[in-house]
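Below: the structure, in structure tokens.
Here it is in structure tokens:
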């Protein structure tokens, strides 16, 4: 029973949305949008609470065990301080909530993102070695593209940007197409298996 | 002190290269691409006092790349005497957009309410875009700081996209697509975009089909735009660093291979 | 300099220290980032989704249909207790079922069919000569699809075609890697710009 | 929003079926029939050889390595996905297999995610796997944890876990965005064996460069089928191959047709 009912709901919603995809009727479009947008967002919003409770629990347990106390405390304070600020001063314009967001969260997120520049450099150093035919092709393609994208490329030879454009528009795009076609097929069969109920891992499986 | 590993040298090298090239403050001479020129001409050719809608459709993490672009566009618009309505379709872009508009408005002595208004964020972007096509005051009854729409002289004559000369979407992802597919396709308002470099190829097809009127992208685009505006800015300052960083990555690939072949030869000999 | 810039500058440096190695300063910044961002999402979800999308239309505009997602959302709270956890399977079934239902036609259309049609271009140029570039595209798409063929071992001519496919894949990977480098560097340059000009006031 | 909907409602009786989507419907029906036929027909479920996928064989090895070294296994599905995405479902299938192994070997399995819904489902999946392996007492719900929904907050959190817990093996399977290389390089520095797989075409290049094994696009879906060991699921992989042959025949025919009859366009689906 605990598996049958979700299974049936899953199949019903699957069929409905499959059919809705093919309709332009206002009622159908409306229903489509309601389920995909409102339902999804609302369920997510409630589940977020479940996630946050679990996060706080994990951190408090670690705090009790005495592992790295200050870090866990900082995380938990962070979780509570934002709603607190929002409740007291609101979340518009120059509110403290936005101040924390802009001066604490944003710069840190942007910096974690910026770490990528360094990882790109170290990955380039380590990952592009001409070990095999495949690796050499990977290396050559990357080098030609990099050269063409920096001003140096056109200084060495006028043809470099042209070659690079050709590679991007033909052989590279061909592979991308095949990858996308494959992903389309893989998604299709996976979704179908879920709908007809052969795929039940999300229910914990039942072998 | 722990022993430094090869990756530390790689990191350090990149850091030094970028630091030096930025401190040098050299302006690399750059060619303005036709794309950027088209964007510039578009804003430049609008009659003075045109109302433009600027939408901040990006996340906070993209700010380093997006900010120089956004600043150039805002500065150009204010310089030409256009009036700006700011909105945001991504929650994270909201506060950033507000700040950027305030900052540039200050530079050109523009008055909030008369020359610019910031309406803020609306969730569900498709619905928001469509609903503004019917009525902007009903979509945004209040501005970002909660003051009523009717309070601002700029908005007196703005009811929907018919009263707006164009929409400029500042984006790091695919949100511009929705402006094209809904605001442009349905309400025929010209859409232009300032986007992160990674997204440029995604929007190329829309440029060639004319659905996207003009586009400027990446730090390079910002640098070109600054050149057209004849102002110094972080885009132009960053260009030398950008080119050097590219060369550095090329050097790393080559160095990696040298190390690899040296080691392999050694192994073969022994 | 305002307090915001100072704090932002210090936190930026704190994150960058990770490049040397993990350290208490980075750990503190990381914990703060995780905590604050969770708090931020909680607030944004409350105001944009729970209030604007559900409670306001439900109670002030009388959109009673919104009771359905409200109940589905509440069922997720079943996860708070081991005994009621099965209740959460219902909203999850709605999400997964709907996702699968849309994915079948949407993925087939956007990923497979559109890519198939886009590949079709004449392999003969107007002057009757073969169009090399289009031949390359055809060869690339077909050999790469052969690489993805699972129910036959990669041996003989079939195996050779699949290997050919891997060459095309490598060209694609090399190209995309190089293409994204530019954006990644811009991000770091933007951060340096903030550090050097706003925070340390070294450049202008 | 409301306005838009009322406007739509006023449009007189729009047909229920959108004719422009007929080609998609026909192809979907063909595809569905083929998949269902191969899945349920006994004949097609009989043995057929399947080719090796390098990343798959490595899974066993990776868990074995973690067990020997008495270090954890880290598994994360990326920031780009949600539970509605088929890729996430495929990833959770692989997770279920891996969890069964880690249960048997008494190896610590960590699963950080950015999405609370994925967390909830993953907890069920892993619990069930541990029960199936007969070691439910080894299951710790807290190991399947929500970190934060912020993209780079998530990246920082996983980066921190990898650096501190030094997992011997890392699985990056799902939909990834820009965080891909942050995680892959951090894993590399920590010396972990890394198996990645994603449907995000751009991120694949980073995984190819930085990870030991990469499941490319469709291979990720196929892998989830292989591991299940279920004949009917494996049969649907066979269906994918049949569809591929049809696609190739379609394209070759259309290309030849296009070369000799330039005005035809029956292969365009829109």
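Residue numbers (our numbering), protein chains in the order written: chain A, 7 to 213; chain B, 3 to 272; chain C, 424 to 627; chain D, 288 to 557. Note that the Cβ used here is the ideal one computed from N, Cα and C, for glycine as well.
Report the CB separation of residue i from residue j in whole angstroms; it is logged as a contact under 8 Å.
| i | j | result |
| --- | --- | --- |
| residue 511 of chain D | residue 381 of chain D | 5 Å |
| residue 45 of chain A | residue 623 of chain C | Between residue 623 of chain C and residue 45 of chain A the Cβ distance is about 49 Å, and since that is not below 8 Å, they are no contact. |
| residue 199 of chain A | residue 523 of chain D | 6 Å |
| residue 435 of chain C | residue 611 of chain C | The Cβ separation is near 11 Å, so there is no contact. |
| residue 208 of chain B | residue 135 of chain B | No, residue 208 of chain B and residue 135 of chain B are not in contact; Cβ-Cβ is about 19 Å, not under 8 Å. |
| residue 97 of chain A | residue 103 of chain A | 5 Å |
| residue 145 of chain A | residue 597 of chain C | 7 Å |
| residue 315 of chain D | residue 527 of chain C | 6 Å |
| residue 504 of chain D | residue 185 of chain A | 4 Å |
| residue 171 of chain B | residue 57 of chain B | 5 Å |
Can you pull the DSSP bridge partners for residue i?
| i | result |
| --- | --- |
| residue 432 of chain D | D:399 |
| residue 85 of chain B | B:53 |
| residue 361 of chain D | D:397, D:457 |
| residue 90 of chain B | B:123 |
| residue 59 of chain B | B:173 |
| residue 150 of chain B | B:144 |
| residue 547 of chain C | C:553 |
Going by beta carbon distance, what residues of the same chain come within less than 6 Å of residue i, once the five residues before and after it are set aside?
| i | result |
| --- | --- |
| residue 297 of chain D | At residue 297 of chain D, the pLDDT of 48 sits below 50, so the modelled position is not reliable; the number obtained from the coordinates is stated separately. Cβ neighbours of residue 297 of chain D beyond the five flanking positions: none. |
| residue 300 of chain D | The predicted position of residue 300 of chain D is uncertain, since its pLDDT is 47 and thus under 50; a value taken from the coordinates is nonetheless stated next. So no residue of the chain qualifies. |
| residue 6 of chain B | none |
| residue 513 of chain C | 498 |
| residue 365 of chain D | 461, 462, 463 |
| residue 531 of chain D | none |
| residue 395 of chain D | 359 |
Got a sec, what are the start and stop residues for the beta strand (DSSP E) residue i sits in?
| i | result |
| --- | --- |
| residue 535 of chain C | Here residue 535 of chain C belongs to no beta strand (DSSP E), and DSSP marks it neither H nor E. |
| residue 173 of chain B | 168-173 |
| residue 483 of chain D | 480-485 |
| residue 122 of chain B | 118-123 |
| residue 194 of chain B | 193-197 |
| residue 502 of chain D | 500-503 |
| residue 218 of chain B | 216-219 |
Who are the near neighbours of residue i in its chain, counting only those whose CB is closer than 7 Å to its CB and skipping five residues on each side?
| i | result |
| --- | --- |
| residue 468 of chain D | 493, 497 |
| residue 191 of chain B | 163, 166, 168, 169, 185 |
| residue 34 of chain B | 226, 229, 230 |
| residue 621 of chain C | 428 |
| residue 182 of chain B | 193, 208, 213, 214 |
| residue 27 of chain B | 239 |
Identify the continuous alpha helix (DSSP H) that holds residue i and give its terminal residues.
| i | result |
| --- | --- |
| residue 244 of chain B | 236-271 |
| residue 518 of chain C | 512-530 |
| residue 279 of chain B | Outside the shown range of chain B, which is 3 to 272, sits residue 279 of chain B, and nothing can be said about it. |
| residue 168 of chain A | 165-175 |
| residue 593 of chain C | 579-616 |
| residue 438 of chain D | 438-452 |
| residue 65 of chain A | 46-71 |
| residue 458 of chain C | 447-467 |
| residue 391 of chain D | 373-392 |
| residue 528 of chain D | 518-547 |
In its own chain, which residues sit with a C-beta less than 8 Å from the C-beta of residue i, not counting the 5 before and 5 after it?
| i | result |
| --- | --- |
| residue 554 of chain C | 544, 545, 546, 547, 548 |
| residue 434 of chain D | 399, 400, 401, 440, 441, 444, 445 |
| residue 347 of chain D | 388 |
| residue 423 of chain D | 414, 417 |
Spell out whether any CB of chain G is found under 8 Å from the CB atom of residue i.
| i | result |
| --- | --- |
| residue 125 of chain B | Looking at the structure shown, chain G is missing, and the protein chains on hand are A, B, C and D. |
Quick one: is the Cβ of residue i within less than 7 Å of any heavy atom of the ligand HEM?
| i | result |
| --- | --- |
| residue 170 of chain A | Absence of the ligand HEM from the depicted structure is noted, as is the absence of any ligand whatsoever, leaving it without description. |
Is the region 461-473 of chain C in contact with the region 7-23 of chain A, if contact means three or more CB pairs nearer than 8 Å? No: the two stretches stay apart, fewer than three of their Cβ pairs being nearer than 8 Å.
- [ ] Report yes or no: do three or more beta-carbon pairs, one from the region 77-84 of chain B and one from the region 51-68 of chain B, lie closer than 8 Å?
- [x] Taking one beta carbon from each stretch, the region 77-84 of chain B and the region 51-68 of chain B have 3 or more pairs nearer than 8 Å; the two touch.
Evaluate the contact criterion for the region 555-562 of chain C versus the region 178-188 of chain A: three or more CB pairs, one atom per stretch, below 8 Å.
Yes: the two stretches touch, three or more of their Cβ pairs being nearer than 8 Å.
Does the region 10-17 of chain B come within contact of the region 535-544 of chain D, defined as at least 3 CB pairs closer than 8 Å? Contact fails: fewer than three Cβ-Cβ distances are below 8 Å.
* Inspect the CB distances between the region 20-39 of chain B and the region 233-243 of chain B and report whether three or more fall short of 8 Å. => Contact between the region 20-39 of chain B and the region 233-243 of chain B is present, because at least three Cβ pairs lie under 8 Å.
**Prompt:** Are the region 112-125 of chain A and the region 64-75 of chain B touching by the rule of at least three beta carbon pairs closer than 8 Å?
**Reply:** Yes, since at least three Cβ pairs between the region 112-125 of chain A and the region 64-75 of chain B fall closer than 8 Å, the two stretches touch.
Fill in: Contact between the region 105-118 of chain B and the region 450-465 of chain C (3+ Cβ pairs under 8 Å)
Contact between the region 105-118 of chain B and the region 450-465 of chain C is absent: fewer than three C-beta pairs spanning the two stretches fall below 8 Å.
Query raised in the report: Below 8 Å, can you find three or more Cβ-Cβ pairs linking the region 474-492 of chain C to the region 60-75 of chain A?
Result: Contact between the region 474-492 of chain C and the region 60-75 of chain A is not established, with fewer than three Cβ pairs separated by less than 8 Å.
- Could you tell me whether the region 168-175 of chain A touches the region 132-152 of chain A, where touching means 3 or more Cβ pairs closer than 8 Å? Result yes; three or more Cβ-Cβ pairs closer than 8 Å.
query: How about the region 16-34 of chain A and the region 189-205 of chain A: do they share at least three Cβ pairs that are nearer than 8 Å?
result: Under the Cβ criterion (8 Å, minimum of three pairs), the region 16-34 of chain A counts as touching the region 189-205 of chain A.
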